[in-house]
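Trainee: My structure is below; once you've seen it, I'll send some questions.
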Amino acid sequence: MRNFKYLQPENLKESVGALSEKSIPYSGGTDILGLLKNNIISPTELVNLKNIDDLDKIEQISNGIKIGALTKLADIAENDLVRNKFTALAQAAEQVGTPQLRNVGTLGGNIAQRPRCWYYRGDFDCLKKGGDICYAEIGQNKYHAIIGGGPCHIVHPSDTAVALLALNAKLTTLSPKGEKKIPLKDFFILPEIDQTVENILSPDEIITHIEIPFPSSNSKSGYIKSMERGAWDFAVASVAAVIDHNNGKINSGKITFGGVAPIPWHEEELDNSLKGVSLSSESLIQLSKYALKKADPLEHNEYKINLTRGLLVELLSNLVG
Amino acid sequence: MNRKIIKSKSYLYDEKIESIAEVPEKELESLPLNKDLKFIGKAIPRVDGEEKVSGTAVFTFDKTFTNIAHAKTLRSPYPFAKIMSIDISKAKKVNGVLKIITNENSPEIEWYGDYSKLFDQTVRYEGDEVAFIVAETEDIAEKALSLIEVNYKELDFVTNTLESIKDSSPKIYNKSNIPDPGGHANYSRGNYEEGIKYSDVVIEREYSTQVAIHNPLEPHCTITKWEDDELIIWDSTQAVFSVRDAIASRLKIPASKVRVIKEYMGGGFGAKLEAGKYSVMAALAAREIKRPVKVVLDRREMNLAVGNRPDSQQKITAGAKKDGTLMALGLTSHGGMGAYPAGTYVHWPLRSLYKCDNIESNEYRTFINAGRARPFRAPGHVQGTFALESILDDLAEKIEMDPLEFRKKNFTSIDQDSKLPYTSKKLMEAYDAGAKAINWNNRKPAGTIEGVIKRGLGLASQIWWGGGSPPAYATVKMNRDGSVQVLCGSQDLGTGTYTIIAQVTAEVLEIPIESINVLIGDTQATPYAPSSGGSTTAPSITPAVYDGSLQIKKKLIAGASAIMELPTDELSYSQGKISEKKNKDNFLTNSQIIRKIRERVLVATGARNQNTDKYAINTFGVQFADVEVNTLTGKVTVNKIVAAHDIGRTLNRQTLENQFHGGVMMGLGYALMEERIIDEYTGKVLTTNIHDYKMATMKDTPDIDVIIVSETDPLVSAVGVKGIGEPAMIPTPGAIANAIYNAIGVRINSLPITPDKIITALNNRG
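Laid out in structure tokens, this is it:
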């Protein structure tokens, strides 16, 4: 780990002013410390965001909810409003890591965290780190992308981003150039655009808030995650859904996927096929076959197609059952 | 103190271990059953519990000195390479660097037999040692490490066991990767071909088990400090005496000048049974810089370089009669040792667990360019039991017999090699108690369960040694105030050795646990006791503690007899007092006796008894698993494990349950998630942290029901205890695998049984 300067700006404006190409923002630190200690990144400055006031609040606004980017994942998972109206987000937050990680990890950090690919995190000069090849393409790719990958095959590790995408969340960001509102669907970028980053944040820009509109009053949302153990595992695959249904049929909904692509994944065609689907398990299984139809798995991860479809069936059954 | 010198025999695998030991001349009177005892068998809290939970217990990891220097090891980034040159000039200039050792300035010290050296010019796995830097701080050492320039010539490598045996594969020592001699083991009994011929049903299966890493909570660490020509080593080890002797011989100094201390330890599981290269390197450096040197391995090093449970690629053929008689078992198995010699064989359960007259086993161990295997909680048995119990379930299904009935049908009451009966084998009782606790009668035939979430039951049995042996000694010292110190050359791995020693002493001398102080893990202060491996600690040392405590009691009675002028048979000992049987008011306390006989400290050294040669000593047990499998997502939930075992006497119900919980959880992790994964194109390990190397968490913990069917095993020793550390884990993976099969009706023959394998298997079945 290279030595760095530790900057402690007192407020939002100073914080953004302190950020640059050579620095990295730091809040919960659960991802940054690993990146630093494993020499994945070597910034010369670490900018502590924890002194910024009022970015750790959950407030109801006229058309929804506004969550400060420094809000702890544990606080989100336990918040009544989030649990009642934005259940998918609460369920995603409460399945992140472990209680220790959720007690310090923040929502902004969870959205902007770096991938867990073991080549990226390990002693490999991979494409994402500026090297020439993606080792996962022909190597051990059990946990890698089945869709949207190439030339780098990471999966995006965030649980909360998958739920937020299903809930049509919008991010507010701040840089010296000013404030921006970015729909979450436009925030992440595929490796074919730029394999060295996962989102459009510039080095001097931070997420300040996450806004989510209220889903329609008769809808329900949820998040389901496959892990290889009971806790402290990133999603092998995950699904978030917001579903509006009555009289045994789905009216409309939105479904998003995690752990399958370099970005939280959304398929509009799948959402379009939701209307009119009956809630029997046969028809849900039938519906699930429309998911990830364009998947192009690598050598060791074809199972993720069935796994994700299985998660989708289980989630929808739970939501409408 | 009447002693005799005997040749002590005990068995571990094919090895008949013989050592000359001093043992009590006469057999000691066996301890009564636990119901008549005050301390033994009770759930007495650990004597070191308060220190541990308050954080005041000093583990090797915590030990420090004001002038301590810190060391880090440079390790090969390649699986196989020749070191052409090492340039340390930049590293040396870093402020705070105190010493750098490489193959260029190190004495030539052989390692891994004569296969390698402390610093070798060829590195044979990712993680092999290249240089050792001592500095003022760990950070400085790490920074300097990155400035060492090594010119490697990369060599073609092989990391896969079955690849390594091909003619075309790279050779690690310029000859066959299966060493000859020593790379092949054959065992046969009866006539295997005939057994197959007369079987009504014969099946053949292939099983694959993964490489698993010990990953104890406390990493391997050592502190070396020279005091003139005496070397003191605080080492996180399972074997203070082995480490002492290994380091003394490597440094060519007398063993009497090396003192190894280990007070508390955060787990070893077999990985800490041998001296580490880092201890020798630290000792060499400490001697030169004249300061204590501390080295702590990081998690990456733990996952690369300090051992593993090797893989196994097993092919088993099994034949049975329709009536359930097991006719023949055949095994061919390969295991990857890593880059240096290690054990990989797995055939023992197949050979000994059930009655079977015809056996043929051929095992091969092979060098691969990966970290070397070490003993790991029941070496070979965990892998072997998983495969054996899987094929037995398949066989039982073929002959339409209940798996439990099938195993009962093939019960053996004798050891089939020596033809000796067992000192105790309450496996039938364990089957019945366990089956009842898991509701075995509710088990449905495999694959008949409806619904998305399917529930299944499975079982696997266990055999292990765990009887312990001499030589093992314990010195018991009683002070004038009646308090007692017990000194024993054993060590506590976290299993409760301190506590059981105090319990045995308290039981014999009828004094409060609080008045007993136990000192173990110090080669200079204690008499010899063996390494803590093979589930032998309690059965080896507690009889010695018992003997020593009885001798103290005898001395006290003899003293009282002289003082009171009464024959010893007119005296009785109770609760630290000796009184005249006829007149209870005429008594002396222990303290009074010691004062009157003008001794300050009464001393006696107890010894472990000789093992019987008329019986085979083993532990037995069965575990039942109740699991749920989500057929949509491949998720396995273990609801419950019932562990029913014959392990002799229970010394402490709490520490016993702790060990069972740990063993079951380790078995569960091995069955469902743990796996070292290597990138085949670079030969580099991908699972170098404990996030990617997945071990079970609190949330994976099932209900664990521990049932002990034995009261004691008096033919083993007067204490009657056998070891449980390894028996607790051996059957867990097999039981879980069989329960998964029972639930979904599809057999997964490779460990770990992860969701992808279940989904793929279900998908392939259609």
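So the sequences go chain by chain: A and W.
As numbered in our numbering, residues 1 to 321 make up the first sequence, in order.
As numbered in our numbering, residues 322 to 1087 make up the second sequence, in order.
The beta carbon of each residue, even a glycine, is placed where N, CA and C say it ideally should be.
Quick caveat: nothing in here was measured; it's all calculated off a predicted structure.
Indicate whether Asp1077 (chain W) and Gly139 (chain A) have their beta-carbon atoms separated by less than 7 Å.
Mentor: no
Trainee: Quick check: the Cα distance between Lys254 (chain A) and Leu164 (chain A), rounded to an integer number of angstroms?
Mentor: Distance between the alpha carbons of Lys254 (chain A) and Leu164 (chain A): 11 Å.
Trainee: Hey, which unbroken runs of the alpha helix (DSSP H) at 4 residues or more fall wholly within the segment 404-477 of chain W?
Mentor: 410-413, 459-466
Trainee: Distance, Cα to Cα, Thr11 (chain A) vs Pro183 (chain A)?
Mentor: In the sequence as displayed, the identity of residue 11 (chain A) is Asn instead of Thr. Distance between the alpha carbons of Asn11 (chain A) and Pro183 (chain A) is about 25 Å.
Trainee: Kindly identify the DSSP beta-bridge partner or partners of Cys542 (chain W).
Mentor: W:Val617
Trainee: Does DSSP classify Gly988 (chain W) as helix, strand or coil?
Mentor: Gly988 (chain W): helix per DSSP, three-state reduction.
Trainee: Determine the contact status of Lys611 (chain W) and His391 (chain W), defining contact as a CB-CB distance below 7 Å.
Mentor: no
Trainee: In the DSSP assignment, what residue or residues form a beta bridge with Glu901 (chain W)?
Mentor: W:Leu892
Trainee: Do you know offhand how far Ala694 (chain W)'s Cα is from Ala592 (chain W)'s?
Mentor: 9 Å
Trainee: Taking its Cβ as the centre, do 16 or more other Cβ atoms sit within 10 Å of Lys225 (chain A), making it buried, or is it exposed?
Mentor: buried
Trainee: Is Trp761 (chain W) helix, strand or coil when you go by DSSP?
Mentor: Residue state, collapsed to three classes: helix.
Trainee: Using a Cβ-Cβ cut-off of 7 Å (strictly less than) and excluding sequence neighbours within five positions of Leu647 (chain W), which residues of its own chain qualify?
Mentor: Ala641, Tyr675, Lys676, Cys677, Asn731
Trainee: Could you tell me which residues DSSP pairs with Trp265 (chain A) in its beta bridges?
Mentor: A:Phe257
Trainee: Using CA coordinates, which residue listed in W:Asp449, W:Asn388, W:Gly1066, W:Ala452 is at the minimum distance from Pro766 (chain W)?
Mentor: Out of W:Asp449, W:Asn388, W:Gly1066, W:Ala452, the CA that lies nearest to the CA of Pro766 (chain W) is found in W:Gly1066.
Trainee: Taking 7 Å as the CB-CB limit, is Met648 (chain W) close to chain A?
Mentor: Answer no: the Cβ-Cβ gap between Met648 (chain W) and chain A never drops below 7 Å.
Trainee: Do you know how far the Cα of Ala145 (chain A) is from the Cα of Asp194 (chain A)?
Mentor: The straight-line gap from Cα to Cα measures roughly 16 Å.
Trainee: Does Trp322 (chain A) come within less than 7 Å of chain W when only Cβ atoms are used?
Mentor: Missing from the structure shown is residue 322 (chain A); chain A here goes from 1 to 321 and no further.
Trainee: So is Thr820 (chain W) buried or exposed if we call it buried at 16+ other beta carbons inside 10 Å?
Mentor: buried
Trainee: So, does the CB of Trp265 (chain A) fall closer than 7 Å to a CB anywhere in chain W?
Mentor: False, the Cβ-Cβ gap to chain W never drops below 7 Å.
Trainee: Considering Met799 (chain W), what are the terminal residues of the beta strand (DSSP E) in which it resides?
Mentor: 794-800
Trainee: Tell me the start and end of each unbroken alpha helix (DSSP H) in the segment 946-1009 of chain W that is at least 4 residues and wholly inside, in chain order.
Mentor: 974-993
Trainee: Is Ala237 (chain A) near the ligand FMN, going by C-beta to nearest heavy atom under 6 Å?
Mentor: As far as ligands go, the structure on display features none, and thus does not contain the ligand FMN.
Trainee: Below 8 Å on C-beta distance, what does Pro398 (chain W) contact in chain A?
Mentor: Asp123
Trainee: By the criterion of Cβ-Cβ separation under 7 Å, what are the contact partners of Asn1110 (chain W) in chain A?
Mentor: Nothing in the structure corresponds to residue 1110 (chain W), since chain W is present only between 322 and 1087.
Trainee: If you drop the 5 nearest sequence neighbours on each side, which residues of the same chain put their C-beta closer than 7 Å to that of Arg121 (chain A)?
Mentor: Same-chain partners within the cutoff: Asn38, Ile40.
Trainee: If you check the beta carbons only, do Phe86 (chain A) and Ile212 (chain A) fall under 7 Å apart?
Mentor: Yes, they are a contact pair.
Trainee: Would you mind telling me which residues of chain B sit closer than 9 Å to Tyr991 (chain W), beta carbon to beta carbon, in chain order?
Mentor: Structure shown: chain B not included; protein chains present are A and W.
Trainee: Please name the residue in W:Ser520, W:Asn951, W:Asp1024 whose C-alpha comes closest to that of Val963 (chain W).
Mentor: W:Asp1024
Trainee: Alpha carbons only, please: which of W:Glu726, W:Thr857, W:Val797 is nearest the one belonging to Ala846 (chain W)?
Mentor: Minimum Cα distance to Ala846 (chain W) is reached at W:Val797.
Trainee: Tell me which residue opens and which closes the beta strand (DSSP E) that Val16 (chain A) is part of.
Mentor: No beta strand (DSSP E) contains Val16 (chain A), which is instead part of the alpha helix (DSSP H) from 12-18.
Trainee: By Cβ distance below 7 Å, which residues in the same chain neighbour Glu429 (chain W) in space, the five residues on each side in sequence not counted?
Mentor: Lys438
Trainee: Check whether chain W comes within 7 Å of Gly230 (chain A), counting only Cβ atoms and requiring the distance to be less than that.
Mentor: yes
Trainee: When you compare the CB of Ser221 (chain A) with every CB in chain W, is at least one pair closer than 7 Å?
Mentor: no
Trainee: Note down, in chain order, every chain W residue with its Cβ under 7 Å from the Cβ of Glu314 (chain A).
Mentor: Leu953, Thr954
Trainee: Using beta carbons (cut-off 7 Å, strictly below), is Thr926 (chain W) in contact with chain A?
Mentor: By this cut-off, Thr926 (chain W) is not an interface position.
Trainee: Three-state secondary structure (DSSP) at Phe732 (chain W)?
Mentor: coil
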